[in-house]
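Notes follow once the structure below has been shown.
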Amino acid sequence: LLIGSFLNVVIARVPEGRSLIHPGSACPGCGAAIAWHDNIPILSFVALRGQCRACATPIPWRYPIVEAVTAALFTGAGLAFGPTLEGVVAAVLLAALVAITVIDLERQIIPDVISLPGIVAGVLANLATGRVPWVESLLGVLVGGGLFLVIILASGGGMGGGDMKLGAMLGAFLGWKVVLLSVFFAVVGGGTLAVVLIASGLRGRKDPIPFGPFLAAGGAAGLFWGGRMVLWYLSGCAAS
Numbered sequence: 276l277l278i279g280s281f282l283n284v285v286i287a288r289v290p291e292g293r294s295l296i297h298p299g300s301a302c303p304g305c306g307a308a309i310a311w312h313d314n315i316p317i318l319s320f321v322a323l324r325g326q327c328r329a330c331a332t333p334i335p336w337r338y339p340i341v342e343a344v345t346a347a348l349f350t351g352a353g354l355a356f357g358p359t360l361e362g363v364v365a366a367v368l369l370a371a372l373v374a375i376t377v378i379d380l381e382r383q384i385i386p387d388v389i390s391l392p393g394i395v396a397g398v399l400a401n402l403a404t405g406r407v408p409w410v411e412s413l414l415g416v417l418v419g420g421g422l423f424l425v426i427i428l429a430s431g432g433g434m435g436g437g438d439m440k441l442g443a444m445l446g447a448f449l450g451w452k453v454v455l456l457s458v459f460f461a462v463v464g465g466g467t468l469a470v471v472l473i474a475s476g477l478r479g480r481k482d483p484i485p486f487g488p489f490l491a492a493g494g495a496a497g498l499f500w501g502g503r504m505v506l507w508y509l510s511g512c513a514a515s
C-alpha cells in the first residue's frame with residue numbers, strides 16, 4: 276500500500292518533470308499541505324470521504340485504486356516467488372508497470388525515465404538472480420523492442436516509441452520467449468477492446484487507444500505464468 280501511495284506521486288510528477296521528493300504532498304485544488312494522518316493509504320481516503328480536508332476538493336479515485344492494485348500485485352508476487360530476490364525483482368517490475376499503465380491512460384505517454392532504466396535493471400536483475408539466462412535477457416531486449424520497431428516502420432508511426440521501449444524493458448526482465456507470449460496477450464486484449472469500442476461507437480477508427488496498459492498487463496501475465504506456458508508449449512512440440 277505504501278509503495279502504491281508513492282506510485283501515485285510518480286504518476287503525478289514524472290510526466291511533468293517534477294521532483295519526487297520536494298515539495299511534499301499537497302492538495303492540487305487549494306495547495307494546502309497534506310498532513311501525515313491524511314496521507315495513509317486507503318484509510319485516509321475513506322476517513323476524508325474522498326475530499327480534501329481544507330477545501331473539500333474531490334480526491335480522484337485513482338489514488339486508492341493504485342494503492343489497492345499495487346498491494347494485490349505485491350501479494351501475488353510474494354505468493355509466487357516467496358521472500359526471495361526474485362520476489363523483489365518481480366515487485367520492482369510490477370510497480371513500474373502500474374505507473375506506466377496509469378500514466379499512459381491519463382496522458383498517452385510512456386516516460387523514458389521509467390522504461391530506459393528498466394531495460395538496464397531487467398538485464399542486471401537476471402544476472403543477479405539467474406532466473407532468465409543473460410543471453411535470453413539481451414535477446415528479449417532485441418525481440419521486445421524490435422517487434423514494435425517493425426510495427427512503427429510498417430505503419431508509418433501508428434504506434435509510439437514508448438511502446439517499443441516498454442517492449443524492450445519487458446524483454447529484459449522476462450527473456451525473449453516469454454516476452455513474445457506477453458506481446459501476444461497484449462495484442463489479443465488490445466485488439467478485442469478496440470473492436471468493442473469501435474463497434475459500440477465509443478471510439479472511431481482513427482481515435483488513439485493507448486497500448487501501454489495492455490502491454491503492461493501482458494507483461495504481468497508473462498511474469499506470473501509465462502514460464503510455465505512456454506514450457507508446456509515446448510513439451511507439447513517435443514512430444515509431437
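Just so you know, we're using our numbering here: the sequence shown kicks off at 276 and counts up by one.
Cβ atoms here follow ideal geometry from the backbone N, Cα and C, with glycine treated the same way.
A straight-line Cα-Cα distance of about 16 Å links residue 427 and residue 461.
The C-alpha of residue 282 lies about 13 Å from the C-alpha of residue 314. The Cβ neighbour count for residue 336, taken over all protein chains shown within 10 Å, is under 16; the residue is labelled exposed.
In this structure, the beta-carbon distance from residue 464 to residue 447 does not fall below 9 Å.
Exclusion of the five residues before and after residue 366 leaves 349 and 352 as the residues of its chain whose Cβ lies within less than 6 Å of its Cβ. In the structure shown, residue 307 falls within a coil segment according to DSSP collapsed to helix, strand and coil. Residue 323 and residue 449 have their C-alpha atoms some 41 Å from each other. The three-state reading of DSSP puts residue 301 in strand, counting E and B together. With fewer than 16 other beta carbons inside 10 angstroms of its own, residue 347 counts as exposed. If you draw a straight line from the Cα of residue 326 to the Cα of residue 492, it comes to about 30 Å. Sequence-distant Cβ neighbours of residue 497 in its own chain, meaning closer than 8 Å and more than five residues away, are 445, 449, 453, 454, 456, 457 and 460. DSSP places residue 427 in the uninterrupted alpha helix (DSSP H) bounded by 409–430. CA-CA distance, residue 357 to residue 373, rounds to 21 Å.
Linking residue 391 to residue 511 through their CA atoms gives a straight-line distance of about 36 Å.
Distance check between residue 414 and each of 388, 495, 404 and 442 places 442 closest, using alpha-carbon atoms only.
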